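>
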């Protein structure tokens with residue numbers, strides 16, 4: 001049943017006429033609105049349309065918050081596919097039925113399938129991308145990551161970006177974008193991430209909420225919307241850690257661009273100009289890193305390093321709000337006293 005969009009009352013009247021004395025099955029696909037009042041009003045309107053017993057509503061959503069508000073009688077959570085299933089999808093999309101797959105190519109393909117994280121969408125897009133491609137392209141996908149092959153404006157990242165675009169506030173988007181500072185597959189500690197958001201100035205007290213409470217709520221929303229996964233809880237059931245799926249991590253990096261830069265996440269040694277948040281694992285034998293640090297010093301807000309930062313560089317980081325030196329540091333350089341925002 002199709003009809004042109006009309007005012008709400010006209011639509012309800014049309015539905016009432018069409019569904020009089022009939023049972024119906026209503027499918028609401030990819031639902032995102034998680035406001036309780038809207039759902040209750042909608043359900044009341046449906047009752048007013050048709051009082052016949054035996055009507056059903058099916059809701060699909062990627063949000064645990066929406067699922068909770070809908071309060072379904074039956075709930076089914078989809079699990080992820082096995083690596084073998086992902087490989088079958090990739091193989092089906094990448095090759096015709098008559099084609100034989102060499103053992104070497106299959107080994108590469110199975111490694112790519114593992115990177116899909118059980119997501120059929122990812123496997124489907126990767127398979128389509130690799131169709132009629134040679135072994136060099138397959139190797140490139142495996143080594144460089146999906147974002148380099150599929151592109152930021154198409155394929156898997158485009159679909160994931162739809163979820164990002166639907167986040168209900170700029171705060172959530174900024175907090176997610178900040179997560180590009182983490183390395184791929186890194187375990188993200190909830191409390192530490194909230195502290196980093198605070199240091200970056202992303203969390204501001206409002207309506208009686210302190211920054212920690214606001215940060216906790218932001219974290220939980222991102223987790224509910226699957227931007228974080230593999231949540232680990234303590235003995236009291238409180239979430240302590242989580243991770244980002246590789247593809248979601250790629251999305252964070254593509255959105256953040258020059259805002260945050262983790263050298264481990266990029267194949268290039270070139271640190272972008274005016275980067276605000278920088279993660280460098282080692283400065284050894286990387287004179288270009290030292291020069292980039294010096295060049296970007298006045299723009300840096302957060303700096304994470306496993307090495308000691310030269311005093312001549314650290315003193316120029318006048319706007320630094322976060323400094324993390326991850327190896328044992330027995331003595332701080334004198335210039336750290338100049339960093340009044342730490």
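In our numbering, the protein residues as written are 1 to 342. Cβ atoms here follow ideal geometry from the backbone N, Cα and C, with glycine treated the same way. Predicted model only: the values in this text are computed from it and were never measured.
1) Could you tell me if residue 91 is buried or exposed, where buried requires 16 or more neighbouring beta carbons within 10 angstroms of its beta carbon?
2) Less than 8 Å between the beta carbons of residue 64 and residue 224, yes or no?
3) On the DSSP bridge list, what partners appear for residue 302?
4) Consult DSSP for residue 209 and reduce its assignment to one of helix, strand or coil.
5) Just verifying my parser: in three-state terms, what is the DSSP assignment at residue 42?
6) So, do the segment 113-133 and the segment 79-93 have three or more beta carbon pairs nearer to each other than 8 Å?
7) Report yes if the CB atom of residue 36 is closer than 8 Å to the CB atom of residue 58, and no otherwise.
8) Spatial neighbours of residue 204 within its chain, please: CB distance less than 6 Å, with the 5 preceding and 5 following residues excluded, ordered by chain position.
9) Alpha carbon to alpha carbon, what distance is there between residue 131 and residue 181?
10) Using the rule of at least 16 other Cβ atoms within 10 Å of the residue's Cβ for burial, across every protein chain shown, is residue 291 buried or exposed?
11) Helix, strand or coil for residue 104, going by three-state DSSP, please let me know.
12) Considering only residues of the same chain and omitting the five flanking positions on each side of residue 197, which have a CB-CB separation below 6 Å?
13) Compare the beta carbon distance of residue 177 and residue 226 with 8 Å and say whether it is the shorter of the two.
14) Between the beta-carbon of residue 342 and the beta-carbon of residue 321, is there less than 8 Å?
15) I need the straight-line Cα distance from residue 161 to residue 33, nearest angstrom please.
16) Please name the residue or residues paired with residue 25 in a DSSP beta bridge.
17) Can you have a look at residue 127 and say buried or exposed, based on whether 16 or more other CB atoms are within 10 angstroms of its CB?
18) Buried or exposed: where does residue 104 fall if 16 or more other Cβ atoms within 10 Å of its Cβ makes it buried?
On the basis of the data shown:
1) buried
2) yes
3) 277 and 322
4) strand
5) helix
6) yes
7) no
8) Around residue 204: no qualifying Cβ.
9) 33 Å
10) exposed
11) helix
12) If the five residues before and after residue 197 are omitted, its C-beta is found closer than 6 Å to the C-beta atoms of 175, 203 and 215, all from its own chain and listed in chain order.
13) no
14) Yes, the pair counts as a contact, with Cβ atoms nearer than the cut-off.
15) 17 Å
16) 56
17) buried
18) exposed
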